[in-house]
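First residue of the sequence shown? That's 1 in the UniProt record's numbering, and the numbers climb one at a time after it. All residues carry an ideal CB built from backbone N, CA and C; glycine is no exception. Remember, predicted model here, so these are calculated numbers, not experimental data. Heads up, the thing below is written out as structure tokens.
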Amino acid sequence: CPPPALNSVAALSIVGVREGDRLRRPAASQASLRLTLNALGGDGRRWWFLNGTPLGDSGHQEALNTTLEQPGRYELSVLDESGQTARVEFSVVE
């Protein structure tokens with residue numbers, strides 16, 4: 001038997017917010033902070049979580065749009081069909 005093929009899928013990573021980012025709403029605005037999130041690498045569908053709560057899902061090349069209403073610390077994570085995960089921690093400040 002030939003050896004099993006090595007997984008050639010690139011590591012999953014989050015695009016749209018970076019580890020340690022301190023995000024703020026536009027000056028003098030009370031509007032929610034809008035984020036467009038995407039993931040590079042990985043395989044198949046993605047499931048997104050914010051502070052452990054399901055946020056939504058997206059296709060392989062699709063973005064996920066979300067809004068953040070409150071200041072505070074957040075943990076964003078994503079899981080793909082191959083079981084890979086990625087996560088970033090960031091904060092929203094006044």
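>> Is the separation between the beta-carbon of Leu-23 and that of Phe-90 shorter than 8 Å?
In response: yes
>> Applying the 10 Å Cβ sphere with the 16-neighbour rule, what's the burial state of Gly-59?
In response: exposed
>> Assuming Val-9 and Gly-56 are in contact, meaning their beta carbons sit under 8 Å apart, how far apart are those beta carbons, in whole angstroms?
In response: Going by Cβ atoms, the distance from Val-9 to Gly-56 rounds to 22 Å, so no, they are not a contact pair.
>> Could you tell me the alpha carbon to alpha carbon distance between Arg-46 and Glu-69, rounded to whole angstroms?
In response: 23 Å
> Under a Cβ-count criterion, where at least 16 other Cβ atoms within 10 Å of its own Cβ denotes burial, should Ala-28 be classed as buried or exposed?
Replying inline: exposed
> Can the beta-carbon of Leu-37 be found closer than 8 Å to that of Gly-52?
Replying inline: no
>> So for Arg-18, helix, strand or coil by DSSP?
In response: coil
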